[in-house]
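In the numbering used here, the protein residues as written are 403 to 962.
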């Protein structure tokens with residue numbers, strides 16, 4: 403079984419069930435600090451999230467009876483942080499499953515509970531036949547980074563008698579009062595705030611929807627004025643519901659649900675934005691080097707929607723890198739292309755540098771474009787300075803009367819101080835997600851030996867490898883996906899490519915044309931023949947050319 407935590411470029415994850423209110427928006431801020439060597443090596447900053455259904459031996463086990471270990475030949479077994487978060491069905495079906503915010507359900511681990519660790523705790527493979535003292539049944543979990551071509555391992559066991567080692571949490575947080583904005587129409591409860599701290603960064607949530615502090619350690623100043631939201635218009639006068647709406651307005655009209663923290667992550671949830679009741683939510687997950695902010699809603703008719711990060715005064719000047727060049731963020735308007743949509747950007751300043759990564763699916767009736775408003779004279783009504791200093795993010799335009807649904811991700815990936823241009827590096831990360839496999843670890847018998855029967859350089863998935871068909875050398879993660887009449891998953895993505903749909907989002911649209919257009923001229927054997935080019939080669943003839951564009955055009959508008 404393969405799990406991914408970074409979205410691939412083709413956004414193969416399907417839109418989730420329709421959830422109602424204002425927008426369906428998932429925002430990810432990931433924080434990677436350290437040397438360039440960390441960027442180039444094994445991807446240590448990502449979390450791995452498994453469910454109880456993937457670890458059936460542990461179903462019914464008490465939460466505190468499950469242990470996670472890494473292995474080093476020189477020192478043997480070491481317990482490492484594992485967090486188990488219980489989930490239950492929501493009384494509001496459109497919200498799906500919700501977290502248990504305090505106490506326990508009392509039924510031990512069940513199928514929808516989540517077990518979470520960070521990939522940097524995965525180390526070397528343990529010798530066959532060994533396990534930690536006092537441990538019972540268990541699993542080997544392999545984590546494969548296709549960018550560094552490295553596999554690491556952790557081991558999870560159950561024990562009825564062992565005691566946990568004294569582990570230091572990766573996350574600490576202080577609960578703050580959710581102070582409402584001045585113009586709150588008499589509302590005095592704006593939920594709980596929080597100051598969350600990790601070894602790499604700190605982040606502050608002032609009230610329900612407001613994320614307004616982000617500092618990179620060891621000594622970086624606050625990079626962000628805040629994460630801002632707008633619908634209808636960019637002007638947002640405080641908490642008023644008028645021509646525009648904002649994160650301030652939604653902090654007044656939404657409902658605080660809860661927050662919690664453990665060894666590995668902090669979670670908080672707020673329901674609703676400005677309309678409907680219990681039909682949308684915003685969830686935020688803070689990991690040691692990653693912030694994941696998920697929003698899910700079904701949208702009624704809107705003309706515009708913006709979601710963007712606004713820089714603080716002290717962060718300026720900032721160099722914003724993108725695939726076509728760079729601009730300087732300094733409060734003076736810049737020319738910045740609205741299209742093609744930039745999935746990876748980088749902001750570099752003396753207070754810290756970070757990658758902005760975006761992906762989305764759905765929103766079939768809207769047009770997505772890049773958004774940059776770097777204008778110190780523009781008064782947008784919220785934040786410390788009410789200005790628009792390098793506001794960078796996404797703009798959705800033209801929502802039709804029918805319900806509008808989709809998903810959207812944003813990631814921030816910083817380093818301390820100014821950083822070189824890392825857009826290409828993180829584009830490769832985005833296009834090549836981590837692969838996670840789970841297999842029973844039987845200490846009394848060796849696990850099945852990994853094989854590469856077809857000689858294509860990839861081991862069979864049955865032993866933890868990534869080859870979904872080890873009998874055919876043309877089928878593997880580097881296979882050429884043919885977008886035709888066959889139903890073969892040549893690149894082991896978990897989906898086969900329908901005619902005209904190399905983006906694999908089940909609708910032939912501008913994203914498919916953009917994918918092919920951005921890889922035109924690439925061919926087998928060249929340095930640019932990567933996962934993106936293989937997908938752009940819709941007819942699998944070894945070169946991305948006009949024939950592939952014509953193929954997409956032939957099916958344009960088709961929905962599968």
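From the three backbone atoms N, C-alpha and C, an ideal C-beta is built for every residue, glycine too.
Residue i, DSSP secondary structure in three states
i: residue 575; result: strand
i: residue 917; result: helix
i: residue 449; result: strand
i: residue 658; result: strand
i: residue 649; result: helix
i: residue 872; result: coil
i: residue 853; result: coil
i: residue 830; result: helix
i: residue 711; result: strand
i: residue 819; result: coil
i: residue 430; result: With a pLDDT of only 46 at residue 430, under 50, the local geometry of the prediction cannot be trusted, and the value read off the model is given with reservation. DSSP places residue 430 in strand when its eight states are reduced to three.
i: residue 862; result: strand
i: residue 717; result: helix
i: residue 456; result: helix
i: residue 912; result: helix
i: residue 687; result: strand
i: residue 522; result: helix
i: residue 636; result: coil
i: residue 774; result: strand
i: residue 791; result: strand
i: residue 824; result: coil
i: residue 465; result: helix
i: residue 945; result: strand
i: residue 780; result: strand
i: residue 960; result: coil
Residue i: first and last residue of the uninterrupted alpha helix (DSSP H) it sits in
i: residue 631; result: Looking at the DSSP string, residue 631 is not in any alpha helix (DSSP H); the run it does join, the beta strand (DSSP E), is 626 to 633.
i: residue 955; result: 948 to 956
i: residue 474; result: Not the alpha helix (DSSP H): residue 474 falls in the beta strand (DSSP E), residues 468 to 474.
i: residue 936; result: 933 to 938
Pick from the options that is closest to residue i, judged by C-alpha positions
i: residue 690; options: 698, 481, 665; result: 665
i: residue 581; options: 557, 592, 914, 572; result: 592
i: residue 949; options: 918, 962, 934, 589; result: 918
i: residue 454; options: 465, 650, 706, 668; result: 465
i: residue 651; options: 659, 662, 674; result: 674
i: residue 621; options: 794, 743, 633, 601; result: 601
i: residue 742; options: 717, 703, 796; result: 796
i: residue 703; options: 760, 659, 670, 633; result: 633
i: residue 928; options: 944, 721, 914, 938; result: 944
i: residue 854; options: 475, 875, 834; result: 875
i: residue 881; options: 916, 921, 843, 938; result: 938
Where the beta strand (DSSP E) containing residue i begins and where it ends
i: residue 617; result: 612 to 618
i: residue 738; result: From DSSP, residue 738 is part of no beta strand (DSSP E); its letter is neither H nor E.
i: residue 884; result: No beta strand (DSSP E) contains residue 884, which DSSP labels as neither H nor E.
i: residue 926; result: Note, residue 926: premise wrong, no beta strand (DSSP E); not H, not E.
i: residue 561; result: Residue 561 -> no beta strand (DSSP E), and no H or E assigned at all.
i: residue 800; result: From DSSP, residue 800 is part of no beta strand (DSSP E); its letter is neither H nor E.
i: residue 697; result: 692 to 698
i: residue 596; result: 594 to 599
i: residue 730; result: 727 to 731
i: residue 670; result: 668 to 673
i: residue 480; result: 478 to 481
i: residue 877; result: First-last for residue 877: undefined, no H or E at that position.
i: residue 837; result: 837 to 842
Beta-carbon proximity of residue i to residue j, cut-off 8 Å
i: residue 910; j: residue 924; result: no
i: residue 693; j: residue 792; result: no
i: residue 343; j: residue 751; result: Because the chain in this structure spans residues 403 to 962, residue 343 falls outside the shown range and cannot be described.
i: residue 685; j: residue 653; result: no
i: residue 777; j: residue 733; result: yes
i: residue 444; j: residue 526; result: no
i: residue 873; j: residue 856; result: yes
i: residue 502; j: residue 486; result: no
i: residue 936; j: residue 893; result: yes
i: residue 772; j: residue 740; result: yes
i: residue 668; j: residue 648; result: no
i: residue 832; j: residue 746; result: yes
i: residue 506; j: residue 569; result: no
i: residue 597; j: residue 576; result: yes
i: residue 762; j: residue 825; result: no
i: residue 559; j: residue 534; result: yes
i: residue 627; j: residue 785; result: yes
i: residue 611; j: residue 663; result: no
Any chain C beta carbon closer than 8 Å to residue i
i: residue 934; result: Among the protein chains of the structure shown there is no chain C, as only one such chain exists.
Item to check | Cβ contact (3+ pairs, closer than 8 Å) linking the segment 698 to 716 and the segment 615 to 634 | outcome: yes
Checklist entry - Does the segment 535 to 544 touch the segment 496 to 516, meaning 3 or more C-beta pairs lie closer than 8 Å? => result no
Next on the checklist: For the pair the segment 853 to 864 and the segment 903 to 911, tell me if three or more CB-CB distances fall below 8 Å.
Outcome noted: no
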